[in-house]
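Novice:
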Amino acid sequence: MNYKASLLYACSGVGILMLTGCESSSEFTPDNNYLNLTMPLSSTGLSDVSITELVDEKILQPEGLSLAKDNIGYQQGKADLNGDGQHEAFVLMQDRYFCGSGGCTAYIFDGDGNVLSQMSVTKMPILVADTEQNGWRDIIVWSNGAYRQLMHDGNAYPSNPSVQPVFERESEQRRAMGKVMASELYQQDGYELMSVENEMILESVRQYHFTFKHYGDPQFLYHAAVNAAEGTLEIEQKAVR
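Reminder that position 58 of the sequence shown reads as 57 in numbering that gives the first Met the number 0, one-by-one numbering, no gaps.
1) CA-CA distance, ASN113 and TYR156?
2) May I ask which residues mark the beginning and end of the alpha helix (DSSP H) holding SER49?
3) Per DSSP, MET92 is paired with what?
4) Just checking, does the stretch 178 to 189 make contact with the stretch 160 to 169 on the three C-beta pairs under 8 Å criterion?
5) Please classify LEU235 as buried or exposed, where buried requires at least 16 neighbouring CB atoms within 10 angstroms.
6) Is ILE138 near LEU80, with beta carbons less than 9 Å apart?
7) Quick one, which of ASN197, MET150, ASP47, ARG240 has its alpha-carbon nearest VAL225's?
8) Where do the N-terminal and C-terminal ends of the beta strand (DSSP E) with TYR207 fall, by residue?
9) What whole-angstrom Cβ distance do VAL127 and VAL54 have, given they're in contact under 8 Å?
10) Spatial neighbours of GLN60 within its chain, please: CB distance less than 8 Å, with the 5 preceding and 5 following residues excluded, ordered by chain position.
11) What is the DSSP secondary structure of VAL127, reduced to helix, strand or coil?
12) With respect to the beta strand (DSSP E) encompassing GLY102, which residues constitute its N-terminal and C-terminal limits?
13) Using a Cβ-Cβ cutoff of less than 8 Å, which residues in the same chain neighbour LEU149 once the five nearest sequence positions on both sides are dropped?
14) Nearest to TYR73 by CA position, among GLU87, TYR96, GLY63, is which residue?
15) Mind listing, in chain order, the continuous beta strand (DSSP E) runs of no fewer than 3 residues lying wholly within the stretch 142 to 171?
16) State the CB to CB distance for the pair HIS213 and TYR221, rounded to an integer number of angstroms; the pair is presumed to be in contact (CB under 8 Å).
17) Return helix, strand or coil for ILE200, following the three-state DSSP convention.
18) State the Cα-Cα distance for the pair SER194 and GLU131, rounded to the nearest angstrom.
19) If you reduce the DSSP assignment to three classes, tell me which class LEU232 lands in.
20) Is the beta carbon of GLY102 sitting closer than 9 Å to the one on THR121?
21) Straight-line CA distance for ILE58 to GLY177?
22) Following the continuous beta strand (DSSP E) through LEU184, name the residue where it begins and the one where it ends.
23) Can you tell me whether ALA175 is helix, strand or coil according to DSSP?
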């Protein structure tokens with residue numbers, strides 16, 4: 000997995016490595032064709048199978064391609080973006096045919112399988128904001144070296160994220176980082192705290208993820224999730240491979 004890295008400093012002066020803009024790796028791909036990364040904010044809408052069919056029919060076939068013969072990669076996520084009780088699906092292509100140095104082409108489908116929006120130069124993370132415009136939740140994506148806020152104009156989301164307003168996320172991220180540092184577990188010999196972006200498409204923009212190590216348990220890597228909206232912190236340990 001590849002990351003863009005930038006150095007952040009918490010109030011204590013401790014250097015923290017921020018890892019953002021992750022790209023897919025085949026180790027996370029169930030069948031080497033696509034990733035099923037979903038966030039069920041609503042209970043109805045497109046299924047994973049129907050999204051696969053839409054990718055084949057509405058994205059690949061017009062280009063003379065198919066999942067079966069061309070092994071095209073993509074990532075997907077689902078959320079109710081307009082409050083109608085149905086999932087919309089966000090599909091980020093992950094193949095050189097659809098990607099350039101600035102990012103990849105992305106599509107948003109409604110619950111009936113219609114293309115609502117198409118955008119270029121888009122990279123992970125793909126997040127959902129608390130704010131909305133014209134009845135649609137704002138989407139935050141990584142493009143042109145920054146988080147970009149995509150606001151619905153009543154017809155579609157912007158087609159070029161790279162020129163959209165920068166979304167400031169670092170201040171709240173630092174506060175979330177401080178919450179992890181203040182935890183009893185981290186205070187007891189925690190070290191190498193790093194901020195990492197989750198690979199789940201359409202996760203809340205106020206959800207932050209971190210990893211750290213612990214001198215008392217060198218065989219484990221600790222994963223911390225902070226929900227800034229609710230002020231909660233969850234930490235779990237996973238064995239280091």
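Here a beta-carbon is modelled for each residue, glycine too, at the ideal position from N, C-alpha and C.
Specialist: Working from what's here:
1) 14 Å
2) 47 to 53
3) TYR73
4) no
5) The amino acid occupying residue 235 in the given sequence is Glu; Leu does not appear at that position. Classification of GLU235: exposed, given that the 10 Å Cβ count is below 16.
6) Against a cut-off of 9 Å, the Cβ pair of LEU80 and ILE138 comes out as a contact.
7) ASN197
8) 206 to 213
9) Distance from VAL127 to VAL54 at the Cβ level is roughly 21 Å; contact not present, criterion being Cβ atoms closer than 8 Å.
10) none
11) Correct three-state label for VAL127: strand.
12) 102 to 108 is the span of the beta strand (DSSP E), which, as asked, contains GLY102.
13) MET118, ASP137, ILE138, ILE139, VAL140, TYR156, PRO157, PRO160, GLN163
14) TYR96
15) 145 to 149
16) 6 Å
17) coil
18) 26 Å
19) strand
20) yes
21) Taking the straight line from one Cα to the other gives about 43 Å.
22) In this chain, LEU184 is not harboured by any beta strand (DSSP E); it is covered by the alpha helix (DSSP H) spanning 183 to 186.
23) helix
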